[in-house]
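To keep things clear, I will list the structure first and then write my remarks on it.
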Amino acid sequence: MINMVISDALLDIDQVNQLTGLSQATLRNWEKRYGFPKPQRSEGGHRLYHVEEVQKIREVVSLCKNGIKILEAIERVLKGTSPVSDTAVAISQPTSPVFVEPLNEGISQVLKALYKYDMDLAEQYLSRLGMRLSETDLLEMVYPKLLMKVGEDWENSRINIAQEHFSWNFLRTRLLNYFKSNRVGVNQPKVLLTTPPGELHEGGLIVLAAYLMLKGWQVYYLGVNLPMDDLLHAYEGIEPDIVCLSAIESENIEKNWNELEKMKCVVVGGPCLAELRVQELPESKHISLVGGNLHSAVAQMELLLHSAT
Ligand code: B12
1 MINMVISDAL LDIDQVNQLT GLSQATLRNW EKRYGFPKPQ RSEGGHRLYH VEEVQKIREV
61 VSLCKNGIKI LEAIERVLKG TSPVSDTAVA ISQPTSPVFV EPLNEGISQV LKALYKYDMD
121 LAEQYLSRLG MRLSETDLLE MVYPKLLMKV GEDWENSRIN IAQEHFSWNF LRTRLLNYFK
181 SNRVGVNQPK VLLTTPPGEL HEGGLIVLAA YLMLKGWQVY YLGVNLPMDD LLHAYEGIEP
241 DIVCLSAIES ENIEKNWNEL EKMKCVVVGG PCLAELRVQE LPESKHISLV GGNLHSAVAQ
301 MELLLHSAT
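Residue numbering for the sequence shown follows the UniProt record's numbering, beginning at 1 and increasing consecutively.
If you want it as structure tokens, here you go:
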């Protein structure tokens, strides 16, 4: 039974080997020599790695591949300095006002331009943010904020419907551009993304889809508010390795739980997780609730796929 939130998942050394490409010997060696990673131990003394730490190991590996020496790579990742550029990762440290400020400023510049219908200026500010951040960080840290801010400004009557539509469509189009990037890798998972009936919020779904496109996954994007029968029809036709459902309202997941269970590997994410009454739902073999940021959510999905094979 997988039915659980696995953002706090602990992985054994074999799983970490699969997810990072580092052999078990190297993982043990690094731990001894550099004090990184720092796994917990099971009662039986086996190493257990937190999913966030696995993400850090992957970042270290990626830095090393780019020619950074191991010690420096570890230091950078532990300090939170960027894998792509120093400024970029430093910006991802939410506790540092020095770095958060330029990011927030960049975001409000994009919004100001959008609210004046100035597409070129918005594009310029967005590219400027793109120069300081990796593409995945842009999806993790910038687009969600922009989408949310546009929605909130409209809800609070700070902008009118035309400004909201214009801004939303600008951002949606940029996110859809990732679909054209054609980066599908060999043997990459096939993923179907949608929202359940009644769920009209598309922001989270489209950001996740773009993120998976960047990772080279084969993305089948079915948009929002999909009737369950049609989802099952698509599931049979596409035969995805994994189905991602995004929802804000937990009810939209709860009332379709039994239908979702008919598919093999289903991941539910989004704000609905906070309210979902899992204990009151029938036990599930196929549905996983995946929280955390996009980096760790995708690591968890990789893990699920791995354990399903
Ligand atoms: C934009 C918006 C709308 C737009 C949506 C437009 C569109 N095309 O998407 C419209 C106007 C349609 C709308 C309608 C409604 N909305 Co609204 N909306 C929002 C708003 C402002 C932003 C949502 C957003 O885009 N966030 C940005 C995305 C990127 O964030 P995210 O969804 O959390 O996704 C991230 C993660 O959660 C994760 N993730 C998401 N999905 C998944 C899936 C998987 C598998 C994984 C791994 C990860 C993952 O990845 C994302 C990346 O960071 C929020 C305000 C807020 N503070 O959230 C309210 C909000 C979500 N809406 C709300 C409400 C109540 C409604 C309405 C009921 C309002 C009404 N009275 O009509 C309707 C319901 C419509 C429906 N049937 O679904 C409430 C929800 C309250 C709750 N239950 O928690 C909110 C929170 C506003 C509020 N403060 O009350 N809304």
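Virtual Cβ for every residue (Gly too), placed ideally from N, Cα, C.
Taking residue i as part of the beta strand (DSSP E), name the residues at either end of that continuous run.
i           : result
Asp118      : Segment: none, Asp118 is in no beta strand (DSSP E) and carries neither H nor E.
Val266      : Val266 to Gly269
residue 319 : Residue numbering for the chain in the displayed model covers 1 to 309; residue 319 lies beyond these limits and cannot be assessed.
Ser250      : No beta strand (DSSP E) contains Ser250, which is instead part of the alpha helix (DSSP H) from Ser250 to Glu254.
Ser246      : Ile242 to Ser246
Of the residues the options, which one's Cα is nearest the Cα of residue i?
i      : options                           : result
Leu208 : Lys264, Ala234 and Leu138         : Leu138
Phe36  : Ile68, Glu72 and Glu254           : Glu72
Leu303 : Glu275, Ala247, Ala113 and Ile242 : Ile242
Glu254 : Gly216, Met213, Arg172 and Leu281 : Leu281
Gly106 : Leu126, Ala308 and Asn256         : Leu126
Gly151 : Asn29, Met301, Val268 and Glu202  : Glu202
Val186 : Lys65, Met213 and Asp120          : Met213
Thr136 : Tyr211, Val278 and Pro144         : Tyr211
Output yes or no for whether 8 Å exceeds the beta carbon distance between residue i and residue j.
i      : j      : result
Thr195 : Leu260 : no
His276 : Ser250 : Just to set this straight, residue 276 is Leu in the shown sequence, not His. A contact, by the Cβ cut-off of 8 Å.
Tyr235 : Met263 : yes
Leu48  : Leu11  : yes
Leu199 : Asn225 : Sequence inspection shows Glu at residue 199; the Leu mentioned does not correspond to that position. Contact flag set, yes.
Pro197 : Pro227 : yes
Leu103 : Ala113 : no
Looking at the unbroken alpha helix (DSSP H) that takes in residue i, where does it start and where does it end?
i      : result
Asp153 : Tyr143 to Glu155
Tyr235 : Met228 to Ile238
Leu139 : No alpha helix (DSSP H) contains Leu139, which DSSP labels as neither H nor E.
The ligand B12 and residue i: does the residue's C-beta get closer than 7 Å to at least one heavy atom of that ligand?
i      : result
Pro240 : no
Gly248 : Looking at the sequence shown, residue 248 is not Gly but Ile. Yes - the ligand B12 has a heavy atom lying nearer than 7 Å to the Cβ of Ile248.
Leu200 : yes
Ala297 : yes
Closer than 7 Å to a non-hydrogen atom of the ligand SAM - does that hold for the CB of residue i?
i      : result
Cys244 : Absence of the ligand SAM from the depicted structure is noted, with the ligand B12 being the only ligands included.
Legend entry - Validate contact between the stretch 12-21 and the stretch 56-67 using beta carbons, cut 8 Å, 3 pairs: yes
Legend entry - the stretch 213-228 touching the stretch 185-194, judged by at least three CB pairs closer than 8 Å: yes
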